[in-house]
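FYI, this note's numbering numbers position 211 of the sequence shown as 211, with every residue one higher than the one before it.
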Amino acid sequence: MENRQTKLRIENISKQYITNKNILPVVNKISFDVYANEFLVILGPGLCGKTVLLNMIAGLEEASNGVIYLDGNTIKGTHKSIGMVFQKLGLLPWKTVIENVEIGPKLAGISKHERRVKAQKFIDMVGLTGFEKSYPHQLSGGMKQRVGIARAYTNDPDILILDEPFGQLDAQTRYSMQDEILRIWEIQKKTIIFVTNNIEEAIYLGDRIILLGKCPAEVKSVYDVQLPRPRNVMDSRFLELRKEISSN
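The following block contains the structure:
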């Protein structure tokens with residue numbers, strides 16, 4: 001990536017929890033930049049503090065130490081420029097697809113007509129046209145993820161965080177959703193921070209990969225993925241990078 005413009009800066013972020021008078025470190029002095037419009041992947045094993053790190057970036061948890069900068073300004077707590085899609089989406093089962101997607105604008109006091117137009121735009125973008133009146137129990141896992149992505153985009157975030165969003169999907173649906181999130185990213189050109197524990201997924205999606213170690217989470221390596229899109233998982237360069245990351 002050339003002419004990189006820093007959108008988000010994570011500077012010496014740490015998190016500790018106190019349990020039974022003991023201190024449990026979960027995230028330890030993590031620093032990295034996130035560039036405007038890039039697809040950044042944070043890769044690490046399970047229970048290594050990835051979700052805690054994301055929650056601090058999103059303002060859902062307070063850091064024990066460190067500073068987060070957005071466009072050069074320090075931020076604390078939640079911020080309208082940062083949206084998040086969780087693995088457990090929390091769709092409201094008694095609301096239809098369009099009602100779930102428009103929740104953010106509704107809470108912001110936007111008129112029904114305006115928020116419906118906005119919600120419809122993103123429902124169309126994620127490929128759910130015709131399912132506006134469906135309820136979550138009528139949707140497949142992949143379709144529910146599309147609803148979650150559309151719902152996040154209706155809030156107009158500059159940065160979208162996705163916390164292992166495809167982890168509970170079957171393999172075929174997961175591959176399909178990987179291509180879908182790339183398609184949406186190409187349309188929106190927003191900054192994405194995508195978290196996964198899957199090396200192939202990280203290489204397939206990311207402009208850069210930040211590799212975290214085991215708990216407490218620390219940055220082990222940063223990889224610039226210099227592979228053209230669309231990527232071929234059987235390409236020799238893909239396999240070489242996979243081997244390099246696996247051995248780290």
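Glycine included, C-beta positions come from ideal geometry on N, C-alpha and C.
- The beta-bridge partner set that DSSP reports for Asn-22 consists of Thr-19.
- Unbroken alpha helix (DSSP H) runs of no fewer than 4 residues, entirely contained in the segment 37-96, are found at 50-57, following chain order.
- In the DSSP assignment, Ser-14 is bridged to Asn-65.
- Bridge partners of Asp-33 according to DSSP: Arg-9.
- In this structure Pro-157 is buried. Its beta-carbon is surrounded by 16 or more other beta-carbon atoms within 10 angstroms.
- According to the DSSP assignment, Ile-103 belongs to no beta strand (DSSP E) but to the alpha helix (DSSP H) extending over 103-107.
- In this structure the segment 203-217 touches the segment 42-53; the number of beta carbon pairs closer than 8 Å is three or more.
- Glu-180 and Ile-23 have their alpha carbons spaced roughly 41 Å apart.
- Annotation: the continuous alpha helix (DSSP H) that includes Asp-124 extends over 112-125.
- DSSP, reduced to helix, strand and coil, places Arg-174 within a helical segment of the structure shown.
- If you draw a 10 Å sphere on the C-beta of Asp-163, you find 16 or more other C-beta atoms in it, and that means buried.
- If you check the CB distance, Gln-168 and Gln-87 come in under 9 Å.
- For Leu-212, the enclosing beta strand (DSSP E) covers residues 208-212.
- Given a length threshold of 4 residues, each whole run of the alpha helix (DSSP H) inside the segment 192-237 is given here in chain order: 199-205.
- Boundaries of the beta strand (DSSP E) around Asp-163: 159-163.
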